[in-house]
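In my numbering, the protein residues as written are 977 to 1282. In what follows, a single structure is set out as structure tokens and then discussed.
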């Protein structure tokens, strides 16, 4: 089985753990365990105990022997998330595991052999940390046998629909739902968003939508509110249309507003709910404007009746 270490670098939420799982489950180690630990989430002493295990009496509170992750992940894969946060003295011990495939539990003298594939992930620049003396160079080279760097989601927008469908199926199963699709308007909102939180943010958005949905389709109103912000409407209006000679400022504004509403209606196939959302107003406010300007919403651009 492959022992080649893998280093995955990229922004938070870009799917580094998903990549690690894909590597594991598509390898000869697929039947073995896949275990993850966040190196930045534990204090140094606890992280060392989690990785290497300990013997009974190794420290205060160690009332029994305990296997560490290097033992429990035997014949499988161990993901060290946020490996850039690992303290220096543990970097030395990790290097030995990678080189010799052996270690001792805390408080123990028996050498234990291990057969694991190590995958390390970080959102930090380890090469720069090596230059600054913050990360061991020899460990960096040991980890960096295979280097993967997933792009942020904003740089691969073509993946948004595929990932949205994946998360829809996932959260359908987890919540006992049977949602069959994402409405085109909702998908357009997902496609237009920049996703600063990357795949993790998209996952959270779809999970919320699945929970909020009361039917078999996810609509825009099921998505988080910040995704529902209206996109600016840019109607194709000639300057003379709303700057007519002889009209005062108020009349020109009303003329422009009317043309804007008509254009939004045309863009949204006379759907009043979508038109109101695009304009950033309530449906009631839209209905008032339609009556005020005598706009027939079944006609894309009605005659001027101001």
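Glycine included, every Cβ here is placed at the ideal spot set by N, Cα and C.
**Message:** Looking only at its chain, what residues have a beta carbon closer than 8 Å to the beta carbon of residue 966, apart from the 5 residues adjacent to it on each side?
**Reply:** Absent from the structure is residue 966, since the part of the chain shown begins at 977 and ends at 1282.
**Item:** residue 1019 to residue 1140 span [Cα, whole Å]
**Value:** 36 Å
**Prompt:** Does the distance from the CB of residue 1042 to the CB of residue 1029 come in under 8 Å?
**Reply:** yes
**Prompt:** Which of the three DSSP states, helix, strand or coil, is assigned to residue 1272?
**Reply:** coil
**Request:** Quick one: grab the DSSP three-state call for residue 1174.
**Result:** helix
**Asked** Straight-line CA distance for residue 1259 to residue 1192?
**Response** 24 Å
**Asked** In the DSSP assignment, what are the bridge partners of residue 1244?
**Response** Bridge partners of residue 1244: none, in fact.
**Message:** Just verifying my parser: in three-state terms, what is the DSSP assignment at residue 1046?
**Reply:** helix
**Prompt:** Quick one, are the C-beta atoms of residue 1287 and residue 980 less than 8 Å apart?
**Reply:** Absent from the model: residue 1287. The displayed extent of the chain is 977 to 1282, so no value can be given.
**Asked** Which one or two residues does DSSP pair with residue 1057 in a beta bridge?
**Response** 1014, 1097
**Item:** Runs of beta strand (DSSP E) lying entirely within the stretch 1103-1157, each at least 3 residues, in chain order
**Value:** Counting only runs that start and end inside the stretch 1103-1157, the beta strand (DSSP E) elements of at least 3 residues fall at 1122-1124.
**Prompt:** How long is the line joining the alpha carbons of residue 1031 and residue 1173, rounded to whole angstroms?
**Reply:** Taking C-alpha positions only, residue 1031 is separated from residue 1173 by approximately 41 Å.
**Start and end residues, beta strand (DSSP E) containing residue 1077** = Element bounds for residue 1077: n/a, residue is neither H nor E.
**Request:** Would you decide whether residue 1021 is buried or exposed? Buried here means 16 or more other CB atoms lie within 10 Å of its CB.
**Result:** Answer is exposed; the Cβ neighbour count stays below 16.
**Prompt:** Roughly how many angstroms lie between the CA atoms of residue 1149 and residue 1006, to the nearest whole one?
**Reply:** 23 Å
**Asked** Looking at the structure shown, is residue 979 part of a helix, part of a strand, or coil, going by DSSP?
**Response** Coil, per DSSP.
**Prompt:** Looking only at DSSP bridge pairs, what is residue 1030 linked to?
**Reply:** Residue 1030 is bridged to 1042, 1082.
**Request:** Go to residue 997, then tell me how far its alpha helix (DSSP H) extends in each direction, as first and last residue.
**Result:** That run of the alpha helix (DSSP H) goes 992-1001.
**Item:** Environment of residue 1000 [buried if 16+ CB atoms lie within 10 Å]
**Value:** Classification of residue 1000: buried, given that the 10 Å Cβ count is 16 or more.
**Prompt:** Quick one, are the C-beta atoms of residue 1119 and residue 1027 less than 8 Å apart?
**Reply:** no
**Prompt:** Just the Cα atoms here: how many angstroms apart are residue 1161 and residue 1184?
**Reply:** 17 Å
**Item:** Simplified DSSP state of residue 1179, which is helix, strand or coil
**Value:** helix
**Request:** Put residue 1190 into one of helix, strand or coil per three-state DSSP.
**Result:** coil
**Message:** Would residue 1231 and residue 1240 be called neighbours here (beta carbons separated by less than 8 Å)?
**Reply:** no
**residue 1088: first and last residue of the uninterrupted beta strand (DSSP E) it sits in** = 1087-1089
**Message:** Taking its Cβ as the centre, do 16 or more other Cβ atoms sit within 10 Å of residue 1234, making it buried, or is it exposed?
**Reply:** buried
**Request:** Taking 8 Å as the threshold, find out whether the stretch 983-994 comes into contact with the stretch 1087-1098 through three or more Cβ pairs.
**Result:** yes
**Prompt:** What is the rounded straight-line gap between the Cα of residue 1077 and the Cα of residue 989?
**Reply:** 31 Å
**Prompt:** So residue 1165 is in the alpha helix (DSSP H); what residue range does that whole segment cover?
**Reply:** 1160-1168
**Message:** Judging by CA-CA distance, which residue of 1064, 1033, 1143, 1203 is the nearest neighbour of residue 1113?
**Reply:** 1064
**Prompt:** Does the distance from the C-beta atom of residue 1102 to that of residue 1111 stay below 8 Å?
**Reply:** yes
**Pairwise C-alpha distance: residue 1090 and residue 1047** = 6 Å
**Asked** On the three-state DSSP scale, how would you describe residue 1211?
**Response** Residue placement at residue 1211 cannot be trusted, given a pLDDT of 48 that sits under 50; what the coordinates show is reported in the next sentence. Coil.
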